[in-house]
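> One structure follows; several queries about it will come next.
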Amino acid sequence: YRLSARLDGHSYAACAGHLQDMLCQECSPYAAHLYDAEDPSTPVRTIPGLCQDYCTQVWQNCRSIFRLLSADRELIALENNMAKLCRYLTLEDTDYCFPHLLANQNLNQNLGLVTADAEGCLQLCLVEVANRLRNPVAMVHANDGTHRFFIAEQVGLVWTYLPDGSRLEKPFLNISEAVLTSPWEGDERGFLGIVFHPKFKFNGKVYVYYSVEVGYEERIRISEFRISPTDMNALDHGSERIILEIEEPASNHNGGELLFGDDEYLYIFTGDGGMAGDPFGTFGNAQNKSALLGKVLRIDVNNNDRGPLYRIPPDNPFVNDPMARPEVYAYGVRNMWRCSFDRGDPHTKEGKGRLFCGDVGQNKYEEIDIVEKGRNYGWRAREGFSCYDKKLCANSSMDDVLPIYAYPHKMGKSVTGGYVYRGCESPNLNGLYIFGDFMSGRLMSLKEDHATGEWQYSEICMGTGQTCMFPGLINNYYQYIISFAEDEAGELYFMSTGVPSATAPNGVVYKVVDTSRRAPPGKCQVEPSPVKVKSKRIPFVPKEKFIMQTPPPQPRLKTTTEAPRGGGPDPKNPTTAAPSGRTAKPGEGAERRGQRKKKKKKPRNGAVRLMERGRRGRGQGRVEVYIDGEWGTVCDDGWSWPAAAVVCRQLGFPYVVRATKKAEFGEGTSLRILLDDVQCSGQERTLLECSHADVGMHNCSHEEDAGVVCSREEVAD
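In UniProt numbering, the protein residues as written are 1 to 717.
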């Protein structure tokens, strides 16, 4: 109205509609494209990219409105030259220029909605922001205006990433020599959590949670560090003060989350001590309020430079209970892995301060809880909504809190708690609690029904078709979802890996993007405070690719992870748009079969074949690989499901049933052993692209020849 008031009567009738149409494109789901906001190397347009014919029409009748819409001097100088002005304003991509994109049915179907596929999966996209990390367990920010983020690896290193995506060569923290962990896949010990003090900008304090070995005793340790006085991107390693240590009776269920609440108290999330069924004491650690394991603890670490390292908040629920530790805030938890405070609705602040946690289950169920002061979350009496210890479960005095959501192990076996989205860039996701499962690789969401107070479940898939066909977006990720994170602006990320070992550099950090509705260009821009950098910057180079051809949703295979029906990622393969994993490219299997018929043509380096009882195997057999002119066998050291997936995909089989060992399909004694110690992520094109010992070098015999069982059809659960 303000701009149209500057038009006279004739111009208003002819041009007000054009004026309004162009202004409204700032709120288009395709605004980032129309305004060139996706490419950081180009300036953001002040007027949306127009189609040539539309620009000509507007210039002929309403050329004066361009100066109302933009203060761009170069544009204004071209106002009287139609050819140059329209060349300046038009987009060459006729599918996306305005107003042609409004008539494109492929682009406008379900416009403005978080698109769900035929099975009800919400389709989202990803941006790769960091890679080659060793089990990235946490990503945090300093809340100091710099918009840096800090990624912790399980081995005990924390790296600084700058707002431009580059990483600093010098670690922010390196306590890898003190951290207790191992290369074993699934080892739960290690560097597990990190959090910045809410007043870090003024006191420079950071808190970490990690596993240590003291004598013959395994412990979890919560320590305080201070920022280096000479480098704002490094902690002073000599400043460590041990705030709290707790003995761990077993190597699993170590907890690991650290958070500060709005009350500025430190929240510590411990596991129940490990083993199975919380066997410690009469009722287990989790129900024993005099034990610190299986709890949510809350302590006050403010103003601790003199006196005790921490104090007890006066309103902690059990401060007056002589049978309880005063640090206990909530109890009855098994192994809460990843918790978060809700920032609240950006406008109303509804939901602010709610504490969400994913609590890993025992045999049947995974659960999401909202943690409140003094409450009992049921373990070991309950697992999810069901009774685990029936005697305890029948005790009416427990007064335990049920989860807001629980899911069975056919959907996943190890929940990874997430965040309620409160960012700016994807408005449709506001209020959606997004979380995942470490084992099955499912991304999931919960939305609160304010009328009933119940939480509605929706699965999250990677976008199909054109949903993610924007510069910089991808539609696949690695299976093992380790953790979730928020940046300083509230945007959502998650970390996953293809090989869940603390020493395998296969971890990737992804940013979650909803392309169905993007915020207007400029609305979410931040101005980071300057960062003084003393270390070398390492530019970020993305490795992951958009997958153009995506397979249809298919039932999961029967594997050790008991993947859920109708969706979820292919174990250790990047999870693609439909919830099934990456398969052979269309025609790839047929092409390779055709090549084998041409007997005169030599196999390509890295080609594979299956042999069973001296004959070519049909979908199963001993793996033989062709390298530098000869066929040879593969040792089963390190042989696993992802390696089998590479072989099956090469041969045109979309499914893996088993990765076999110990020469199950016979010994290839007539051949040399060519590959040993093969370790794959699952996305490689051939075994030669996997990590392996030098060709022909091995420390095994043919008794350890590896094999596979592949399938062209889904294998029922």
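All C-beta atoms in this analysis are idealised placements derived from N, C-alpha and C, irrespective of residue type, glycine included.
If you reduce the DSSP assignment to three classes, tell me which class A32 lands in.
helix
> Helix or strand or just coil, what does DSSP make of L3?
coil
> For E217, I'd like the list of residues in its chain whose CB is within less than 7 Å of its CB, leaving aside the five on either flank, ordered along the chain.
E247
> Please go through the UniProt domain "SRCR" (608-711) and give each complete alpha helix (DSSP H) segment of 4 or more residues, from N-terminal end onward.
Segments of the alpha helix (DSSP H) lying fully in the UniProt domain "SRCR" (608-711): 641-650.
> Can you say whether F494 is buried or exposed, counting buried as having 16 or more other CB atoms within 10 angstroms of its CB?
buried
> Identify, in the order they occur along the chain, each residue of the same chain with its Cβ nearer than 7 Å to the Cβ of Q52, setting aside the five sequence neighbours on each side.
Once the five neighbours on either side are set aside, the close Cβ partners of Q52 are C86 and T90.
> Taking the alpha helix (DSSP H) that D437 falls in, what are its first and last residues?
No alpha helix (DSSP H) holds D437; the beta strand (DSSP E) holding it covers L432 to D437.
> Any chance the region 378-386 sits against the region 307-320, with 3 or more Cβ pairs inside 8 Å?
Contact between the region 378-386 and the region 307-320 is absent, because fewer than three Cβ pairs lie under 8 Å.
> When every heavy atom of the ligand FMN is checked, does at least one fall within less than 7 Å of the C-beta of Y419?
The ligand FMN is absent from the structure shown, which contains no ligands of any kind.
> How do the region 465-477 and the region 446-456 stand: do at least 3 beta-carbon pairs fall below 8 Å, yes or no?
no
> Suppose you measure from the CA of K597 to the CA of N605; what does that come to, to the nearest Å?
With a pLDDT of 35 at K597, under the threshold of 50, the modelled position of that residue is not reliable, and no figure is offered here.
> Run the CB neighbour count on H147, radius 10 Å, all protein chains shown included, and call it buried at 16 or more, exposed below.
By the neighbour-count rule (16 or more Cβ atoms within 10 Å), H147 is buried.
> Identify, in the order they occur along the chain, each residue of the same chain with its Cβ nearer than 7 Å to the Cβ of D400, setting aside the five sequence neighbours on each side.
Correct list, in chain order: G332, N376, Y377, G378, A381 and R382.
> Could you tell me whether the Cβ atoms of K205 and R226 are closer together than 8 Å?
yes
> Bridge partners for F484 per DSSP, in chain order?
F494
> Among all the DSSP beta bridges, which residues are the ones paired with D236?
R226
> So what does I538 bridge to, in DSSP terms?
R167
> Are the beta-carbon atoms of R537 and L162 separated by less than 8 Å?
Yes. Within cutoff.
> Using CA atoms only, rank isn't needed, just tell me which of P322, D305 and V195 is closest to E486.
The residue with the shortest Cα to Cα distance from E486 is V195.
> The beta strand (DSSP E) spanning K413 covers which residue range?
K413 -> no beta strand (DSSP E), and no H or E assigned at all.
> Tell me, to the nearest whole angstrom, how far the beta carbon of G441 is from that of G418; I am working on the premise that it is less than 8 Å.
Contact doesn't hold; Cβ gap of about 14 Å is too wide.
> Considering only C-alpha positions, which residue in the set T686, C357 and Q679 is nearest to C648?
T686
> Quick one: give me the first and last residue of the alpha helix (DSSP H) that L68 is part of.
I65 to L69
> Tell me which residue opens and which closes the alpha helix (DSSP H) that S11 is part of.
G9 to C24
> Pull the bridge partners of G507 from the DSSP assignment, please.
L133
> Report all residues from its chain with a CB closer than 7 Å to the CB of S290; omit the five preceding and five following residues, and keep chain order.
M323, A324 and R325
> If H197 and F260 are in contact, beta carbons under 8 Å, what's the gap, nearest whole angstrom?
7 Å
> How would you write the range of the beta strand (DSSP E) that W337 sits in, first residue to last?
Unbroken beta strand (DSSP E) run through W337: M336 to F341.
> Could you tell me which residues DSSP puts in a beta bridge with T90?
L50
> Specify the secondary structure class of T56 as computed by DSSP and reduced to three states.
helix
> Evaluate R132 with the Cβ neighbour count: other Cβ atoms within 10 Å of its Cβ, from every protein chain shown; 16 or more gives buried, anything less gives exposed.
Here R132 is exposed. Its C-beta has fewer than 16 other C-beta atoms within 10 Å.
> Would you kindly work out how many angstroms separate the C-alpha atoms of C339 and F665, rounded to a whole number?
47 Å
> Can you pull the DSSP bridge partners for T160?
F150
> Residues bridged to Y207 by DSSP?
V195 and E224
> Residue range of the beta strand (DSSP E) that L266 falls in?
L266 to F269
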